[in-house]
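I have placed the structure first, in the form of structure tokens, so that the comments after it can refer back to it.
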Amino acid sequence: MPYEHQKIEQKWQKYWDENQTFATTDDTSKPKYYAMDMFPYPSGQGLHVGHPEGYTATDIMSRFKRANGFNVLHPMGWDAFGLPAEQYAMKTGHNPADFTSQNVDHFREQIKSLGLSYDWNREINTTDPAYYKWTQWIFEKLYEKGLAYESNMMVNWDPIDRVVLANEEVIDGKSERSGNKVERKALRQWVLKITAYADRLVDDLDDLDWPEAIKEQQRHWIGRSKGAAVFFNVADSNKKIEVYTTRPDTLFGASYMVLAPEHQLVDEIATEQQKQAISDYRAIISAKTDLERTDLNKDKTGVFTGAYGVNPINGEKLPIWIADYVLASYGTGAIMAVPAHDDRDFEFAQKFALEIKPVIAGGDVTKEPYTGDGLHINSDFLDGLDKSTAINTTIAWLETQESGHAQTNFRLRDWIFSRQRYWGEPIPVIHWEDGTTTLVPEKELPLLLPHATELRPSGSGESPLANLTDWLEITREDGVKGRRETNTMPQWAGSSWYFLRYIDPRNAEKIADLDKLKYWMNVDLYVGGAEHAVLHLLYARFWHKFLYDLGVVPTKEPFQKLVNQGMILGSNHEKMSKSKGNVVNPDDIVTAFGADTLRVYEMFMGPLTQNKPWSEEGITGSRRWLDRVWRLLIDDEGQVREAVSTYNSGDLDKIYHQTVKKVTEDLENMHFNTAISQMMVFINEAYKSEALPINYMTGFVQLLAPIAPHLAEELWVRLGNKASISYVTWPQYDQAQLVDDTVEIIFQVNGKVRGKATVARDLDKDSMIAAAKLDDNVQNFIAEKTIRKVIAIPGKFVNIVVG
RNA sequence: GCCGUUGUGGCGGAAUUGGCAGACGCGCUGGACUCAAAAUCCAGUGGUGGCAACACCGUGUGGGUUCGACUCCCACCGACGGCACCA
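Under this note's numbering, the first residue of the first sequence is numbered 869, with each subsequent residue one higher.
Have a look at this one:
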């Protein structure tokens, strides 16, 4: 009887469902393990083969931990708000909710066919009002704490369609959909003050078990830098310019100053004869896209304002320029330029023939800027000091003069939290005609997204919600009229706290019960793609810290261990895409080979974290191996083979215990590919053995169960055990079975292998050396040579050094 | 340019603390079974030379440390991901 994957997989999926095998309880007597996947956006395309990779990894860990006595929380849900549904709805005249719910059903069905051990009772959906009630609640708390505010921010604006576009909708400066040229436009936006958490977001990374690359990306994104604020008076004026510098020690080398073209003081200090040049320059700048201002333009441009600043340290007058290489959004939008020791200032100074004064010894600043360390020169009281001493000395001096102070800056900016979209969580705010703004009262949450079949752009830059007058307009008891906020939240909102809701998904009173949170948090394993390295993970960490400060959650960080699965590439080693015609559909694989084969193959392809190309031959190889496992134990009539019995010839003793050890350790470390290869070795050995001891066979089936659960359940029952295998205690290995009395040692001459011998495990050094010298081939290489040295390690090797 | 990851047979990939490079799988070759084929089972398979024993070469490139280097150090090259004038 052959291995019939379809029958077996359906049978066990039904069994798990009916028996609620994977329903999680809050049994706090057991240690807990919380394994979570990044929940998917349920797109119309359905699952691709990349999804099952990460899902299988967390599923293996979940099943492995269950067998090791852990109480496992392994949930799944849907990140179901998002742009594609809205675009599709606009095109077809449907409501995004209906379309999304069909997609969710399709995704759920596909995911269930993979045999993943989720607790489906905890399924969540970010578009469910019972869920987004709490997303709105968190927003209200942020607002109450002063961490949510309104501000005019620049957005991508399609002037013909009159809609706001997301960055990813803008391709080469044009709208992806309409092809219209996109402009920058200031619009009122809701903004979250993530910068208030910048220090903690950097510092707390240190304790997380995350890939170093991701931590580095977050550190860089936050971009904390330490330096000084320095105040420069403007000559012949009462104005002051504050600059930010990381090199206050080079203050004696400052030879000019630069303001960002948008800097507020520009108009106030510019002289009459420069005003025309300035406005011309600004016109050119505003026509440039961000890309042109950064990437494409390495050539420095700028205009003199006609004004001078006074260097607080020596009273020198410094010309004040405007230039777009100084960014309005970073620091104070103003710098002191030290061309001798900064690449950008050097380039600018050369172009406009500004003075270049060296203040640090080393390098030749007539040729290139010197940015290294060195002793200070031409710097009065700083002369002879090294960089860090000079920095501290200067800051101390500035503080006594009240001309500056130490200052920390961040690259991180506040988070633009609103979207001019329909398909998102409504922001629970009302703008009243008397000019006040209030939150929707907590007891009225959730503020429901009104049902709409015809989504049309409002034309004003507001979301389609602005068209829905019934919902939009509201009158207070005292007759004051109000208008609801038409902005909705970004897709990041619902995903910033979903890991909390899985813990207590139906709680109507709060996000989740604190005792349950105390038991389950943090997430022990979080697996997903590296494309979320910064934004999602940073936003989730920010919200979590905020909730921690509120006392809602008991931990400072949400995700203790993070793993990024690699991408599955097409068989041509390129990223899978429709246009390249290299897309593999997991449904086809499940039908033709089975979910277990897909799971084994995806885990066997290579390390979880690396990119790997799909291979048609590879998948058949994995299937072949599962067939081989089946045939080892089950004969043509569907009976357990006679060789499987309580008789143990001893052939498999060593390999069995080795396999238990290796598989256990590999699973613990998520080295699934080598765990599978060890199981293959075991099966190869078993095929050569006459006797198949029943306890070894059941032990093997247990090792296989996390990876190929349907097949393992089936074999487990056929071998005479009671269903199900999921909570049966993991097999143990016997250390004593792993060591042999004899061991093969190698003989080297000058580090090259020249012979081998099998000797007693505890053979002493001298006997090993003697044996080595007797070896024929070794003699060929040491004959007539002087032995300089002999290295011997018992149980391993002898190395004879001749010369 | 900067930060991070990575480079091993025809292919995917193995190799605790430096100690037999290439486990396992794919592919390929041969054998068994079969009228034949498929499937299956068994064996072989880094390159060069040799009937063989065995020798030489071999982990991106060039140096170095060491009795011994895929592994450690220095310099360089290529691929992938991220950031991009952040003062």
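Note that beta-carbon positions come from the ideal geometry of N, C-alpha and C, so glycine has one too.
Between which two residues does the alpha helix (DSSP H) harbouring D966 extend?
Segment P964 to K980, the alpha helix (DSSP H) holding D966.
Per the DSSP calculation, S1513 is bridged to which residue(s)?
DSSP links S1513 through a beta bridge to P1561.
For L1354 and E1322, which I take to be in contact (beta-carbon distance under 8 Å), what is that distance rounded to the nearest angstrom?
Checking the sequence shown, residue 1354 turns out to be Thr, not Leu. Separation of the CB atoms of T1354 and E1322 is rounded to 16 Å, and the pair is thereby denied contact status at 8 Å.
Distance check for R1344 and M958, CA to CA, integer angstroms please.
Cα atoms of M958 and R1344: separation of roughly 33 Å, rounded to the nearest angstrom.
Expected contact under 8 Å - CB spacing of L1243 and G1252 to nearest Å
L1243 to G1252, Cβ: 6 Å. Contact.
How long is the line joining the alpha carbons of F1099 and V1111, rounded to whole angstroms?
Whole-angstrom Cα-Cα distance: 6 Å.
Using only alpha-carbon positions, find the residue among E1270, V1031, T1276 and R1115 that is nearest to I1259.
Ranking the options by Cα distance to I1259, first place goes to R1115.
Unbroken beta strand (DSSP E) runs of length 3 or more, entirely within the stretch 1406-1451: which are they?
The stretch 1406-1451 contains these whole beta strand (DSSP E) runs: 1430-1432.
So, at 6 Å on beta carbons, what are the nonlocal neighbours of R1150 in its own chain, with the 5 sequence-adjacent residues on each side left out?
Cβ within range, chain order: P1129.
Distance, W1388 Cα to P920 Cα:
C-alpha separation (whole angstroms): 25 Å.
DSSP on E877, reduced to helix/strand/coil?
Helix.
Extent of the continuous alpha helix (DSSP H) to which F1472 belongs
Counting along the chain, the alpha helix (DSSP H) containing F1472 begins and ends at A1463 to F1472.
Applying the criterion that 16 or more other CB atoms from any shown protein chain within 10 Å of the CB defines a buried residue, is T1276 buried or exposed?
Label assigned to T1276: exposed.
Whose C-alpha, out of S981, F1414 and I928, is nearest the C-alpha of K875?
Nearest C-alpha to K875: S981.
By how many angstroms is the C-alpha of L915 removed from the C-alpha of N1390?
When the Cα atoms are used, N1390 and L915 turn out to be separated by approximately 28 Å.
DSSP state of F1216 mapped onto helix, strand, coil
In the structure shown, F1216 sits in a helix (DSSP, three-state: H, G or I).
For G1674, count neighbouring Cβ atoms within 10 angstroms of its own Cβ and tell me buried if that reaches 16, exposed if not.
Nothing can be reported for residue 1674: it is not among the residues displayed for the chain, which extend from 869 to 1671.
Hey, could you find the ends of the beta strand (DSSP E) L1133 is sitting in?
Premise fails: L1133 lies in the alpha helix (DSSP H), L1133 to I1137, not in any beta strand (DSSP E).
With a 10 Å radius around its C-beta and 16 neighbouring C-beta atoms as the bar for buried, classify Y1515 as buried or exposed.
Counting every other CB atom within 10 Å of its CB across the protein chains shown gives Y1515 a total below 16, marking it as exposed.
Is it right to say D1643 is buried, meaning 16 or more other beta carbons lie within 10 angstroms of its own, or is it exposed?
Answer is buried; the Cβ neighbour count reaches 16.
Beta strand (DSSP E) segment containing L1642, residue limits:
Note, L1642: premise wrong, no beta strand (DSSP E); alpha helix (DSSP H) at K1633 to L1642.
Looking only at its chain, what residues have a beta carbon closer than 7 Å to the beta carbon of W1058, apart from the 5 residues adjacent to it on each side?
These residues qualify, in order along the chain: A1016, E1018, F1285, S1286, I1295 and N1355.
Within the chosen definition, does the stretch 894-904 reach the stretch 948-967 through at least 3 CB pairs nearer than 8 Å?
No contact exists between the stretch 894-904 and the stretch 948-967.
Three-pair Cβ contact test at 8 Å for the stretch 1221-1240 versus the stretch 1087-1094:
Between the stretch 1221-1240 and the stretch 1087-1094, the count of Cβ pairs shorter than 8 Å is below three; the stretches do not touch.
Could you name the residues of the same chain whose beta carbon sits closer than 8 Å to that of Y1595, not counting the 5 residues immediately before and after it, in chain order?
Once the five neighbours on either side are set aside, the close Cβ partners of Y1595 are R934 and A935.
For L1164, name the three-state secondary structure that DSSP assigns.
Residue confidence for L1164 is low, a pLDDT of 48 falling below 50, so the modelled location carries little weight; the figure read from the coordinates is stated next. L1164: helix per DSSP, three-state reduction.
Same chain only: Cβ atoms within 6 Å of K1473, ignoring 5 sequence neighbours per side:
Looking at the sequence provided, one finds Met at residue 1473 rather than Lys. For M1473, where only same-chain residues beyond five positions count, the Cβ hits under 6 Å are K1480.
Who are the near neighbours of A1138 in its chain, counting only those whose CB is closer than 8 Å to its CB and skipping five residues on each side?
The beta carbon of A1138 sits closer than 8 Å to the beta carbons of I1146, T1173, G1174 and A1175 from its chain, once the five residues preceding and following it are set aside; these are given in chain order.
Let me confirm a value: R1352 is counted as buried when at least 16 other C-beta atoms fall within 10 Å, else exposed. Which label applies?
Flag for R1352 reads buried.
Ordered list of beta strand (DSSP E) runs contained in the stretch 1552-1620, each at least 3 residues
Listed in chain order, the complete beta strand (DSSP E) runs (minimum 3 residues) inside the stretch 1552-1620 are 1610-1617.
Specify the secondary structure class of V1669 as computed by DSSP and reduced to three states.
Here V1669 sits in strand by DSSP.
Given a cut-off of 8 Å on the beta-carbon distance, is the pair S985 and F907 in contact?
No; because the gap between Cβ atoms is not below 8 Å, this pair is not in contact.
Tell whether a beta-carbon distance below 8 Å holds between M1547 and T924.
No, these two residues do not count as a Cβ contact at 8 Å.
Going by DSSP in three states, N1298 sits in which element: helix, strand or coil?
In the sequence as presented, Asn is not what sits at residue 1298; that position holds Ile. Correct three-state label for I1298: strand.
Give the DSSP bridge partners of S1043, in chain order.
Bridge partners of S1043: V1038.
Quick check: what's the CA-CA separation for T893 versus V972?
Rounded to the nearest whole angstrom, the CA to CA distance from T893 to V972 is 25 Å.
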